[in-house]
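Student:
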Amino acid sequence: MAVQHGIWRIGSKPEPLKPVRLETELLLEQQIVQDVSILNENWLLIGRQVYTEFGKYIDLLAIDATGSIIIIELKKHKTPRDVVAQTIDYASWVETLPSEQVSEIYQDFAKKHGHALTSIDTAFQEKFGVKLLEEDINSSHQMVIVAAELDASTERIINYLNDKAGIAVNAVFFTVFQDGGNQYLSRAWMIDPVETEEHAINTKQKGDWNGEFYSSFGAYSNGRNWEDALQHGFISAGGGHWYSKTLFMLKPGDRVWVNIPKTGYVGVAEVTHHAVVADEYINEGMNLKGSYNFAKVVGEDDAEYFVAVRWIKSVAETDAVNEVGLFGNQNSVARPRASKWDYTVKRLKEVWKL
Numbered sequence: 001m002a003v004q005h006g007i008w009r010i011g012s013k014p015e016p017l018k019p020v021r022l023e024t025e026l027l028l029e030q031q032i033v034q035d036v037s038i039l040n041e042n043w044l045l046i047g048r049q050v051y052t053e054f055g056k057y058i059d060l061l062a063i064d065a066t067g068s069i070i071i072i073e074l075k076k077h078k079t080p081r082d083v084v085a086q087t088i089d090y091a092s093w094v095e096t097l098p099s100e101q102v103s104e105i106y107q108d109f110a111k112k113h114g115h116a117l118t119s120i121d122t123a124f125q126e127k128f129g130v131k132l133l134e135e136d137i138n139s140s141h142q143m144v145i146v147a148a149e150l151d152a153s154t155e156r157i158i159n160y161l162n163d164k165a166g167i168a169v170n171a172v173f174f175t176v177f178q179d180g181g182n183q184y185l186s187r188a189w190m191i192d193p194v195e196t197e198e199h200a201i202n203t204k205q206k207g208d209w210n211g212e213f214y215s216s217f218g219a220y221s222n223g224r225n226w227e228d229a230l231q232h233g234f235i236s237a238g239g240g241h242w243y244s245k246t247l248f249m250l251k252p253g254d255r256v257w258v259n260i261p262k263t264g265y266v267g268v269a270e271v272t273h274h275a276v277v278a279d280e281y282i283n284e285g286m287n288l289k290g291s292y293n294f295a296k297v298v299g300e301d302d303a304e305y306f307v308a309v310r311w312i313k314s315v316a317e318t319d320a321v322n323e324v325g326l327f328g329n330q331n332s333v334a335r336p337r338a339s340k341w342d343y344t345v346k347r348l349k350e351v352w353k354l
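Take the sequence shown: its position 119, counting from 1, is numbered 119 in full-length UniProt numbering, and each next residue is one higher.
Below is the structure:
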């Protein structure tokens with residue numbers, strides 16, 4: 001079913017703005033280069049017109065906070081089916097890129113576009129507030145097709161690749177509206193980006209999900225605090241929609257294993273309540289050591305969100321389990337399907353005698 005956009009000017013009577021054709025898709029590409037947040041605020045653009053070894057150019061490349069590479073292809077003058085096939089072809093090349101080549105792609109992009117941060121490590125740290133680990137670079141990939149519209153058969157193909165093949169491909173539709181001398185862009189995703197990101201996490205992972213959730217608890221000084229989580233029974237995330245949205249995957253009865261990045265696994269819990277914003281969770285009677293952002297202060301996107309849990313097993317940070325071979329990524333919540341995740345759950349059960 002085709003995605004339809006509409007914008008109305010508010011007045012005594014709503015007046016629809018007129019959709020117009022963008023002069024060229026190159027202009028849209030330039031807009032994305034200037035501000036990639038019009039696609040996703042939690043992406044860092046790392047390449048433009050990236051030359052591939054089979055003599056073609058990828059329109060845009062980006063990276064997210066997990067190290068996943070995003071291939072962004074504008075439809076331009078290609079047929080809908082051609083752009084899907086070409087994007088998948090590009091993905092087959094991107095999948096083979098070693099970390100040093102990804103770094104070189106970013107360096108070339110930064111120099112051409114006058115970015116002060118010419119190292120992907122520095123740019124990543126600046127964007128996401130965490131260090132880019134070499135093993136995370138290109139650990140998975142996503143494909144995004146940018147178009148004004150796609151035909152019904154192409155949409156069916158994209159849905160099939162996601163639903164049946166677990167391939168992380170999505171489409172984002174832009175419409176331009178005219179209002180006097182001003183033009184506005186409207187954006188709509190074909191598939192919820194959270195679903196595509198989850199497929200990307202599992203791109204290189206084989207097997208079925210074991211039913212156990214993973215959580216990354218980003219404790220830091222003067223902020224999110226593990227002792228608070230232990231005392232009051234919660235896990236939390238915030239500082240941007242990308243970080244908090246996966247908390248909403250959890251529902252009462254789910255079991256989640258909690259890892260503090262660079263520290264280790266500190267607990268396993270049963271979820272007792274769905275995610276809520278700090279304003280609803282925190283009350284004056286709670287004696288909290290950490291500091292948490294409220295929606296009424298920073299807005300809903302940047303606020304802290306909490307999931308209430310009952311701890312089955314928990315330990316202090318000093319007793320965290322941190323061994324070679326244990327699973328880890330920076331998603332606040334994930335449903336991993338890697339064999340390493342099965343091993344991690346088994347190993348933690350052994351260590352904690354569960």
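Built from N, CA and C at the ideal position, the CB exists for glycine as well.
With DSSP as the reference, identify every bridge partner of residue 175, one or two as the case may be.
Tutor: 186
Student: Over the uninterrupted beta strand (DSSP E) stretch that includes residue 32, give me the two end residues.
Tutor: Per DSSP, residue 32 belongs to no beta strand (DSSP E); it is in the alpha helix (DSSP H), 25–34.
Student: With a cut-off of 8 Å on the beta carbons, I'd call residue 311 and residue 250 a contact; round off their distance for me.
Tutor: Not a contact, Cβ separation roughly 15 Å.
Student: If you pair each beta-carbon of the stretch 313–327 with each one of the stretch 289–305, do three or more pairs fall below 8 Å?
Tutor: Pairwise C-beta distances place the stretch 313–327 out of contact with the stretch 289–305, as fewer than three of them are shorter than 8 Å.
Student: Per DSSP, which one or two residues make a beta bridge with residue 216?
Tutor: For residue 216, which the question treats as bridged, DSSP gives the partners 259.
Student: If I'm right that residue 257 touches residue 214 with Cβ under 8 Å, what's the distance once you round it to whole angstroms?
Tutor: 6 Å
Student: Hey, out of 174, 189, 323 and 345, whose CA is closest to residue 183's CA?
Tutor: Ranking 174, 189, 323 and 345 by Cα distance to residue 183 puts 174 first.
Student: Using C-beta distances below 7 Å, list every residue in its chain close to residue 330, excluding the 5 sequence neighbours before and after it, in chain order.
Tutor: 65, 66, 130, 216 and 261
Student: Does the count of Cβ pairs from the stretch 87–97 and the stretch 51–66 closer than 8 Å reach three?
Tutor: yes
Student: Using a threshold of 8 Å, state whether the C-beta atoms of residue 275 and residue 324 are closer than that.
Tutor: no
Student: Using the DSSP secondary-structure output, state which residues sit across from residue 305 in a beta bridge.
Tutor: 237 and 277
Student: Could you check the C-alpha separation between residue 38 and residue 32 for me, to the nearest Å?
Tutor: 6 Å
Student: Does DSSP put residue 71 in a helix, in a strand, or in coil?
Tutor: The answer is strand: DSSP assigns residue 71 an E or B state.
Student: Taking all protein chains shown into account, decide if residue 197 is buried (16 or more other Cβ within 10 angstroms of its Cβ) or exposed.
Tutor: When all chains shown are included, residue 197 counts as buried.
Student: Going by beta carbon distance, what residues of the same chain come within less than 8 Å of residue 253, once the five residues before and after it are set aside?
Tutor: Sequence-distant partners of residue 253 (beyond 5 residues in either direction) whose C-beta falls short of 8 Å from its own C-beta, in its chain, are 270 and 271.
Student: So the alpha helix (DSSP H) residue 14 belongs to, where does it begin and stop?
Tutor: No alpha helix (DSSP H) contains residue 14, which DSSP labels as neither H nor E.
Student: Starting from residue 59, trace the beta strand (DSSP E) in both directions and tell me its first and last residue.
Tutor: For residue 59, the enclosing beta strand (DSSP E) starts and ends at 57–64.
Student: Can you tell me whether DSSP reads residue 349 as helix, strand or coil?
Tutor: helix
Student: Can you name the start and end residues of the beta strand (DSSP E) that residue 125 belongs to?
Tutor: Where residue 125 is concerned, there is no enclosing beta strand (DSSP E), although the alpha helix (DSSP H) it sits in stretches over 120–128.
Student: Using CA atoms only, rank isn't needed, just tell me which of 81, 85, 123 and 100 is closest to residue 151.
Tutor: 81
Student: Between the beta-carbon of residue 341 and the beta-carbon of residue 210, is there less than 8 Å?
Tutor: Yes, the pair counts as a contact, with Cβ atoms nearer than the cut-off.
Student: So, is residue 106 buried or exposed, given that buried needs 16 or more other C-beta atoms within 10 angstroms?
Tutor: Note on residue 106: 16 or more other CB atoms within 10 angstroms of its CB, so buried under the neighbour-count rule.
Student: Below 8 Å on the Cβ atoms is my contact criterion, and I expect residue 246 with residue 168 to pass it. Report the Cβ-Cβ distance as a whole number of Å.
Tutor: Distance from residue 246 to residue 168 at the Cβ level is roughly 15 Å; contact not present, criterion being Cβ atoms closer than 8 Å.
Student: Span of the beta strand (DSSP E) holding residue 44?
Tutor: That run of the beta strand (DSSP E) goes 43–51.
Student: Are the beta-carbon atoms of residue 128 and residue 47 separated by less than 8 Å?
Tutor: For the pair residue 128 and residue 47, the CB atoms are not nearer than the 8 Å cut-off.
Student: Where do the N-terminal and C-terminal ends of the alpha helix (DSSP H) with residue 362 fall, by residue?
Tutor: Nothing can be reported for residue 362, as the shown portion of the chain is limited to 1 through 354.
Student: Short check: CB of residue 74 to CB of residue 28, under 8 Å?
Tutor: For residue 74 and residue 28, yes; Cβs fall inside 8 Å.
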